[in-house]
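Protein chains in written order, with this note's numbering: chain A, 1 to 271; chain B, 272 to 520.
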């Protein structure tokens with residue numbers, strides 16, 4: 001699904017990513033751990049296409065199964081291969097909103113407040129903008145509200161909060177939960193979640209963990225989890241754990257690597 | 272008719288006096304509005320009346336009698352030089368509400384100039400002005416609040432925010448307080464900023480194209496000026512503002 005090869009990227013004049021390679025297949029959950037300043041958030045932002053994050057070398061390709069012909073959304077079933085074909089995109093050649101429409105969701109470490117724009121309006125416009133790029137019909141107001149209610153329920157978020165301005169007056173935990181509601185509504189192929197677990201209390205962590213599993217743990221989807229803590233990985237079991245240090249992946253293993261890191265620290269394990 | 276103002280007249284220092292000079296004799300005298308004691312009145316200016324030569328002007332002289340309320344919503348846009356003059360005199364316990372938007376582009380110059388006189392005690396006034404300026408446009412808000420000596424327990428607020436879409440645009444914000452009473456609340460805030468780039472990227476990451484993201488943010492920004500309007504008024508004036516915004520951004 002995602003193939004990163006020798007990725008090098010600068011933020012401003014500082015090189016942060018130094019030849020990072022990583023392959024994520026459909027159905028997999030990958031965790032990236034690493035010390036502060038290793039380049040974890042830079043990786044997330046670079047994949048999302050944030051301005052000022054300049055790729056100087058390397059490539060990122062994104063392959064998903066798409067409809068061969070535009071068809072009615074109701075009759076389309078991604079689990080069958082009929083009428084579908086693989087499409088590989090050069091991610092670095094695309095604008096941020098095009099990456100989103102292609103199926104990439106970026107969960108922010110610090111979700112941004114947008115005064116005056118309601119969550120529901122924001123999400124409906126976002127979803128319909130994506131659908132338009134994909135040649136799908138826009139969702140009606142009623143269809144959208146039904147979808148939003150379902151996903152808000154999954155994350156135990158009050159619909160009243162979705163009527164409020166995006167993230168304005170939300171606590172840190174509420175913002176993170178809102179990210180997951182957004183992910184549920186947008187239903188991406190690949191979720192890149194940048195420290196979604198930070199700032200969550202134990203109950204909220206469980207709700208978010210369950211949310212990630214039920215939304216993204218599917219054969220045609222994949223997740224890249226950026227985290228500092230084992231706790232989230234107890235809830236969302238990764239297939240692979242990578243250690244990121246000095247802008248590249250220095251070690252890869254299974255879930256046991258996270259436990260090893262928790263016990264011995266980055267310096268001992270990644271040395 | 273008075274003589275043509277000069278740059279030395281504080282209330283006219285940002286005016287396009289060159290354009291004004293040719294039409295000055297056609298500028299009508301201020302419209303007198305009186306809101307009778309205890310009554311409520313609402314007015315809106317969706318289009319500033321054009322005088323000629325690219326100049327449009329509205330000039331209101333409002334007296335709000337004791338316990339009365341006057342609600343005014345204005346839109347300054349779509350002319351080369353546009354000016355809305357609002358002089359308000361408040362009676363005891365009365366209220367003046369102003370919501371205004373200034374939308375400028377090219378080398379337009381648009382201004383809202385208010386003089387709010389709290390002549391009697393216990394009156395309240397609230398002024399909210401939002402400007403969105405692109406190109407080499409200039410948007411000006413000058414708001415003088417005068418609180419007379421016996422106008423105790425006055426509560427006057429001004430919130431003025433400007434958004435520059437281009438670095439070549441200019442926003443002038445000049446709130447001014449003249450207070451002769453000692454038991455008053457006068458709050459004023461003025462900011463000049465640009466579209467929040469973080470928010471634009473956040474919106475893009477959810478699939479919104481840059482034009483839509485910008486439109487949503489600007490819509491929310493100028494929306495502040497019209498929240499105090501009745502639903503039908505809001506729909507009309509905000510609708511018009513949004514059409515102008517689309518062309519602007």
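C-beta: ideal position from N, C-alpha, C; glycine also. The model shown is predicted, which means the values in this text are computed figures rather than measured ones.
Rounded distance between the beta-carbons of residue j and residue i, thought under 8 Å
| i | j | result |
| --- | --- | --- |
| residue 199 (chain A) | residue 154 (chain A) | With a Cβ gap of about 20 Å, residue 199 (chain A) and residue 154 (chain A) do not count as contacting. |
| residue 57 (chain A) | residue 10 (chain A) | Wrong, their Cβ atoms sit about 10 Å apart, outside the cutoff. |
| residue 30 (chain A) | residue 162 (chain A) | Their Cβ separation, rounded to whole angstroms, is 30 Å, which puts residue 30 (chain A) and residue 162 (chain A) out of contact at 8 Å. |
| residue 435 (chain B) | residue 463 (chain B) | 7 Å |
| residue 326 (chain B) | residue 290 (chain B) | 5 Å |
| residue 238 (chain A) | residue 104 (chain A) | Incorrect: roughly 19 Å between the Cβ atoms, too far for contact. |
| residue 24 (chain A) | residue 1 (chain A) | 6 Å |
| residue 497 (chain B) | residue 508 (chain B) | 6 Å |
Under 7 Å by beta carbon: chain A residues contacting residue i
| i | result |
| --- | --- |
| residue 479 (chain B) | 97, 125, 126, 129 |
| residue 472 (chain B) | 50, 51, 96 |
| residue 432 (chain B) | Near residue 432 (chain B) there are no residues of chain A at all, since even the closest Cβ is about 11 Å away, more than 7 Å. |
CB contact below 8 Å: residue i versus chain B
| i | result |
| --- | --- |
| residue 184 (chain A) | no |
| residue 37 (chain A) | no |
| residue 117 (chain A) | yes |
| residue 62 (chain A) | no |
| residue 144 (chain A) | no |
| residue 268 (chain A) | no |
| residue 122 (chain A) | yes |
| residue 100 (chain A) | yes |
Local conformation of residue i per DSSP, three classes
| i | result |
| --- | --- |
| residue 269 (chain A) | helix |
| residue 454 (chain B) | coil |
| residue 282 (chain A) | Here chain A has residues from 1 to 271 only, and residue 282 (chain A) is not among them. |
| residue 323 (chain B) | strand |
| residue 426 (chain B) | strand |
| residue 488 (chain B) | helix |
| residue 248 (chain A) | strand |
| residue 229 (chain A) | coil |
| residue 358 (chain B) | strand |
| residue 12 (chain A) | coil |
| residue 200 (chain A) | coil |
| residue 382 (chain B) | strand |
| residue 109 (chain A) | coil |
| residue 401 (chain B) | strand |
| residue 352 (chain B) | strand |
| residue 497 (chain B) | helix |
| residue 41 (chain A) | helix |
| residue 514 (chain B) | helix |
| residue 277 (chain B) | coil |
| residue 292 (chain B) | helix |
| residue 473 (chain B) | helix |
| residue 126 (chain A) | helix |
Test: residue i CB closer than 8 Å to a CB of chain A
| i | result |
| --- | --- |
| residue 436 (chain B) | no |
| residue 483 (chain B) | yes |
| residue 492 (chain B) | yes |
| residue 516 (chain B) | no |
| residue 513 (chain B) | no |
| residue 374 (chain B) | no |
| residue 523 (chain B) | A query on residue 523 (chain B) cannot be resolved here, the shown segment of chain B reaching from 272 to 520 and no further. |
Per-residue contacts from residue i into chain B (C-beta, under 7 Å)
| i | result |
| --- | --- |
| residue 106 (chain A) | 476 |
| residue 112 (chain A) | 469, 470, 473 |
Proximal residues of chain A, C-beta to C-beta of residue i below 8 Å
| i | result |
| --- | --- |
| residue 519 (chain B) | Simply none; closest approach about 18 Å. |
Partner residues on chain A for residue i, Cβ-Cβ distance less than 9 Å
| i | result |
| --- | --- |
| residue 487 (chain B) | 114, 116, 117, 121, 122, 125 |
contact_flag[the region 402-419 of chain B, the region 429-442 of chain B] where n(CB pairs < 8 Å) is 3 or more = yes
So does the region 383-394 of chain B actually touch the region 416-427 of chain B, counting three or more Cβ pairs closer than 8 Å?
-> Yes: at least three Cβ pairs fall under 8 Å.
Report yes or no: do three or more beta-carbon pairs, one from the region 211-220 of chain A and one from the region 239-249 of chain A, lie closer than 8 Å?
-> no
Are the region 335-347 of chain B and the region 503-519 of chain B touching by the rule of at least three beta carbon pairs closer than 8 Å?
-> In this structure the region 335-347 of chain B touches the region 503-519 of chain B; the number of beta carbon pairs closer than 8 Å is three or more.
Examine the Cβ distances between the region 132-139 of chain A and the region 180-198 of chain A and report whether three or more of them are shorter than 8 Å.
-> no
Can you find at least 3 beta carbon pairs, one from the region 80-100 of chain A and one from the region 142-152 of chain A, that sit closer than 8 Å?
-> The region 80-100 of chain A makes no contact with the region 142-152 of chain A: fewer than 3 CB pairs, one atom from each, lie closer than 8 Å.
Contact the region 299-311 of chain B vs the region 323-337 of chain B: 3+ CB pairs below 8 Å | yes
Does the region 164-174 of chain A come close enough to the region 107-117 of chain A to have 3 or more Cβ pairs within less than 8 Å?
-> Yes, the region 164-174 of chain A touches the region 107-117 of chain A.
Any 3 or more C-beta pairs closer than 8 Å across the region 48-62 of chain A and the region 286-299 of chain B = no
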